[in-house]
Amino acid sequence: MHVIMNMLWRRRGIYLQTERMVILDQYFIKTIQSNWSAFSADNDKLQFEWGKNVAQYVTGKSKKQKMKLGLGRDVDTVYTPMNWGGDHWVGLCIKLTEGHVMVFDSYVPHTEIEEGLRIYSWSRAEGIYHNKRGGDCGPCAAKFIEMHAAGLTEEMSRITDKDVDRFREQYAMDCYEEFVGDAKVNNE
1 MHVIMNMLWR
11 RRGIYLQTER
21 MVILDQYFIK
31 TIQSNWSAFS
41 ADNDKLQFEW
51 GKNVAQYVTG
61 KSKKQKMKLG
71 LGRDVDTVYT
81 PMNWGGDHWV
91 GLCIKLTEGH
101 VMVFDSYVPH
111 TEIEEGLRIY
121 SWSRAEGIYH
131 NKRGGDCGPC
141 AAKFIEMHAA
151 GLTEEMSRIT
161 DKDVDRFREQ
171 YAMDCYEEFV
181 GDAKVNNE
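Here the UniProt record's numbering is used: position 117 in the sequence shown is 117, and no number is missing along the way.
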């Protein structure tokens with residue numbers, strides 16, 4: 001997922017920036033997940049110390065992401081994949097200005113969302129492709145992120161298993177071309 005998200009950002013980043021959107025890799029949400037228990041227990045949430053990694057993403061100084069955009073300052077919408085329970089990928093669309101997270105989940109029965117106190121509201125994208133085969137959740141999460149960012153929400157319901165096979169193959173070829181086939185990147 002890391003490679004796919006970085007390939008999508010490199011290829012779509014200029015357009016996304018004009019729309020105040022960004023695609024971040026899974027490490028952003030993983031860092032938040034790893035600190036969530038401490039954050040939930042902290043009485044002064046506004047002063048909670050998330051750590052250097054989250055601060056770098058928020059301020060636009062993340063070296064890994066190679067962007068200078070500050071979340072909430074230059075960016076209103078964050079797209080990122082999230083590994084749910086260690087064995088399932090979903091896509092997230094985090095609307096910072098609305099305090100809302102949309103979950104793009106290709107296999108809803110696998111992921112229960114616990115009720116409880118939340119800072120953000122959430123919803124699952126309705127009417128999108130649902131996959132029953134194993135191993136397709138990563139390409140599906142990436143494609144949902146890509147399609148939603150491009151405004152192709154209606155088309156997300158028209159995806160078929162054959163399309164997912166093509167997505168997987170195309171992502172592999174695109175990532176190879178972007179990172180291995182490009183001599184400049186290969187020699188950095």
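Think of the CB as a built atom: it goes at the ideal place given N, C-alpha and C, for glycine as much as any other residue.
Legend entry - Straight-line gap, residue 16 to residue 34 (C-alpha atoms, nearest Å): On the sequence shown, residue 16 is found 16 positions in, with the first residue counted as 1. On the sequence shown, residue 34 is found 34 positions in, with the first residue counted as 1. Near 28 Å, if we compare the C-alpha coordinates of residue 34 and residue 16.
Inset, instruction - Within the same chain, show all residues whose beta-carbon is closer than 8 Å to that of residue 96, passing over the 5 residues directly before and after it, in chain order. - result: Residue mapping note: residue 96 aligns to position 96 of the sequence shown, counting from 1. Closer than 8 Å at Cβ, skipping near neighbours: 71, 72, 75, 76, 77 and 78.
Inset, instruction - Name the two residues that bound the continuous alpha helix (DSSP H) containing residue 15. - result: Mapped onto the sequence shown, residue 15 falls at position 15. Unbroken alpha helix (DSSP H) run through residue 15: 2–18.
Inset, instruction - Label residue 148 either buried or exposed according to how many other C-beta atoms from any shown protein chain fall within 10 Å of its C-beta, with 16 as the threshold for buried. - result: Residue mapping note: residue 148 aligns to position 148 of the sequence shown, counting from 1. With 16 or more Cβ atoms within 10 Å of its Cβ, residue 148 is classed as buried.
Legend entry - Euclidean distance between Cα positions of residue 153 and residue 146: Against the sequence shown, residue 153 aligns to sequence position 153. Against the sequence shown, residue 146 aligns to sequence position 146. Approximately 10 Å, taken between the alpha carbons.
Inset, instruction - Give a yes or no on contact between the region 23–39 and the region 167–182, applying the rule of three or more CB pairs nearer than 8 Å. - result: no
Legend entry - Separation of residue 56 from residue 69, as counted between CA atoms: As a position in the sequence shown, residue 69 is number 69, starting the count at 1. As a position in the sequence shown, residue 56 is number 56, starting the count at 1. One C-alpha to the other measures close to 10 Å.
Inset, instruction - Let me know if residue 41 comes out buried or exposed under the rule of 16 or more other beta-carbons within 10 Å of its beta-carbon. - result: Mapped onto the sequence shown, residue 41 falls at position 41. Classification for residue 41: exposed.
Legend entry - Where residue 160 falls, given that 16 or more other Cβ within 10 Å makes a residue buried: For the purposes of this step, residue 160 is taken as the residue at position 160 of the sequence shown. So residue 160 counts as exposed.
Legend entry - Status (buried if at least 16 other CB within 10 Å, exposed otherwise) for residue 143: Position 143 of the sequence shown, counted from the start, is the residue given in the question as residue 143. By the 10 Å Cβ count, residue 143 comes out buried.
Inset, instruction - Give, in chain order, every unbroken run of the beta strand (DSSP E) that is at least 3 residues long and sits entirely within the region 133–164. - result: none
Legend entry - Rounded straight-line distance, which links the Cα of residue 32 to that of residue 52: Working through the sequence shown from its first residue, we reach residue 52 at position 52. Working through the sequence shown from its first residue, we reach residue 32 at position 32. Each residue's alpha carbon lies about 12 Å from the other.
Legend entry - Segment limits, alpha helix (DSSP H) that includes residue 27: Here the question's residue 27 lines up with position 27 in the sequence shown. Element bounds for residue 27: 26–41.
Inset, instruction - Measure the Cβ-Cβ separation of residue 138 and residue 89 and say whether it is below 8 Å. - result: The count along the sequence shown starts at 1 and reaches residue 138 at position 138. The count along the sequence shown starts at 1 and reaches residue 89 at position 89. Yes, these two residues count as a Cβ contact at 8 Å.
Inset, instruction - Tell me, to the nearest whole angstrom, how far the beta carbon of residue 179 is from that of residue 3; I am working on the premise that it is less than 8 Å. - result: The sequence position of residue 179 within the sequence shown is 179, counting from 1. The sequence position of residue 3 within the sequence shown is 3, counting from 1. Rounded, the Cβ-Cβ distance is 7 Å, consistent with contact.
Legend entry - Counted within 10 angstroms of its Cβ, other Cβ atoms place residue 46 as buried (16 or more) or exposed: The count along the sequence shown starts at 1 and reaches residue 46 at position 46. Its Cβ having fewer than 16 others within 10 Å, residue 46 is exposed.
Inset, instruction - Return yes when the C-beta of residue 35 is under 7 Å from any heavy atom of the ligand GDP, and no when it is not. - result: Ligands displayed in this structure: none; no statement on the ligand GDP is therefore possible.
Inset, instruction - Enumerate in chain order the residues of its own chain whose CB-to-CB distance from residue 54 is below 6 Å, with the five nearest sequence positions on each side excluded. - result: The count along the sequence shown starts at 1 and reaches residue 54 at position 54. For residue 54, where only same-chain residues beyond five positions count, the Cβ hits under 6 Å are 31.
Inset, instruction - Apply the 10 Å Cβ neighbour rule to residue 91 and answer buried if 16 or more other Cβ atoms are within range, or exposed otherwise. - result: Position 91 of the sequence shown, counted from the first residue, corresponds to residue 91. Buried, since its Cβ has 16 or more Cβ neighbours within 10 Å.
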